[in-house]
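S.K.: My questions all concern the structure below.
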Amino acid sequence: DTAVSQTPKYLVTQMGNDKSIKCEQNLGHDTMYWYKQDSKKFLKIMFSYNNKELIINETVPNHFSPKSPDKAHLNLHINSLELGDSAVYFCASSSSGGAFTDTQYFGPGTRLTVL
Amino acid sequence: GNSVTQMEGPVTLSEEAFLTINCTYTATGYPSLFWYVQYPGEGLQLLLKATKADDKGSNKGFEATYRKETTSFHLEKGSVQVSDSAVYFCALKPGRRALTFGSGTRLQVQP
Numbered sequence: 003d004t005a006v007s008q009t010p011k012y013l014v015t016q017m018g019n020d021k022s023i024k025c026e027q028n029l030g031h032d033t034m035y036w037y038k039q040d041s042k043k044f045l046k047i048m049f050s051y052n053n054k055e056l057i058i059n060e061t062v063p064n065h066f067s068p069k070s071p072d073k074a075h076l077n078l079h080i081n082s083l084e085l086g087d088s089a090v091y092f093c094a095s096s097s098s099g100g101a102f103t104d105t106q107y108f109g110p111g112t113r114l115t116v117l
Numbered sequence: 127g128n129s130v131t132q133m134e135g136p137v138t139l140s141e142e143a144f145l146t147i148n149c150t151y152t153a154t155g156y157p158s159l160f161w162y163v164q165y166p167g168e169g170l171q172l173l174l175k176a177t178k179a180d181d182k183g184s185n186k187g188f189e190a191t192y193r194k195e196t197t198s199f200h201l202e203k204g205s206v207q208v209s210d211s212a213v214y215f216c217a218l219k220p221g222r223r224a225l226t227f228g229s230g231t232r233l234q235v236q237p
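Line by line, the protein sequences give chains A and B.
Following my numbering, the numbering of the first sequence begins with 3 at its first residue and continues without gaps.
Following my numbering, the numbering of the second sequence begins with 127 at its first residue and continues without gaps.
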């Protein structure tokens, strides 16, 4: 029944490792997002895909790479992890449907800790 | 550019007190405005939204009115409960762009 799910919920890893966070939505939405929440709770958009096409790519370090195999999935790959990557990462989805007022539905978040 | 400014927290209230969390925004055009809530250890949930000037969003006793003249979207509730303790985020969405969030305001309600 979960609308937007993320795995894993917690991820603890060493600096320099490569890791992935997966996101899936079963809402039939065509747009998905990745947000980063830092230790002060500040949330910022990282990427957005619409129908598997990248439409938003904010100023994000280039060792982050999103991949969308289909409309229901948006994964986040992180290479050569750095201490500053420690944060909570939220996936979200919405339906564009030609309207500008679409509500975004968020996943439960993935807490990444880089040691 | 687009930005959202929220009042600094934490806001500490006694149960049944009146709540106001201020939110002002800067945006080009006419964005939609949202309040999201994050309970401890959970993801964000949409609390309410408004899509045009003078619209009032409401949910679970919370209300906010889209004020174009003051570029504000203040969140109010007449009588808070302990269960309302959470972090509240004001956000705007200009067209097809992603949400731009404020810094969040932590609310602590004491019994």
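A virtual CB, placed ideally from N, CA and C, is assigned to each residue, including glycine.
Please read all numbers here as calculations on a predicted model, not as lab measurements.
Closer than 8 Å, Cβ to Cβ, to anything on chain A: give me those residues from the segment 168-197 of chain B, in chain order.
M.R.: Glu168, Gly169, Leu170, Gln171, Leu172, Lys175 and Thr177
S.K.: Out of B/Asp210, B/Thr146 and B/Cys216, which one is the CA nearest neighbour of B/Ser229?
M.R.: B/Cys216
S.K.: Is the distance from the Cβ of B/Pro220 to the Cβ of B/Gly155 below 7 Å?
M.R.: Cβ atoms of B/Pro220 and B/Gly155: closer than 7 Å.
S.K.: According to DSSP, simplified to helix, strand and coil, what is B/Ser209?
M.R.: Residue state for B/Ser209 is assigned as helix, using DSSP reduced to three classes.
S.K.: Closest Cβ-Cβ distance between A/Lys43 and chain B: below 7 Å?
M.R.: yes
S.K.: What do you get for A/Gly18, buried or exposed, if any count of 16 or more other CB atoms within 10 angstroms of its CB means buried?
M.R.: exposed
S.K.: Taking CB distances under 7 Å as the criterion, tell me whether A/Gly111 reaches chain B.
M.R.: yes
S.K.: Taking 7 Å as the threshold (C-beta atoms), are A/Gln8 and A/Gly86 in contact?
M.R.: No, these two residues do not count as a Cβ contact at 7 Å.
S.K.: Under a Cβ-count criterion, where at least 16 other Cβ atoms within 10 Å of its own Cβ denotes burial, should B/Leu175 be classed as buried or exposed?
M.R.: Reading off the sequence, residue 175 of chain B comes out as Lys, not Leu. Burial call: buried.
S.K.: Less than 7 Å separating the beta-carbons of A/Asn53 and A/Lys73?
M.R.: yes
S.K.: Do A/Met34 and A/Leu118 come within 7 Å of each other at the CB atom, strictly closer than that value?
M.R.: Because chain A is modelled from 3 through 117, residue 118 of chain A falls outside the range shown and cannot be assessed.
S.K.: Any idea if B/Pro166 is buried or exposed, counting beta-carbon neighbours within 10 angstroms, 16 or more meaning buried?
M.R.: exposed
S.K.: I think B/Lys203 touches B/Leu159, with their Cβ atoms under 8 Å apart; what is that distance to the nearest whole Å?
M.R.: Contact doesn't hold; Cβ gap of about 17 Å is too wide.
S.K.: Compare the beta carbon distance of A/Leu29 and A/Ser95 with 7 Å and say whether it is the shorter of the two.
M.R.: In this structure, A/Ser95 lies closer than 7 Å to A/Leu29 by Cβ.
S.K.: How would you call A/Ser82, buried or exposed, if buried means at least 16 neighbouring beta carbons within 10 angstroms?
M.R.: Counting Cβ neighbours within 10 Å, A/Ser82 comes out exposed, since fewer than 16 surround it.
S.K.: Any beta-carbon of chain A closer than 7 Å to the one on B/Val130?
M.R.: With its beta carbon at least 7 Å from every one in chain A, B/Val130 lies outside the interface.
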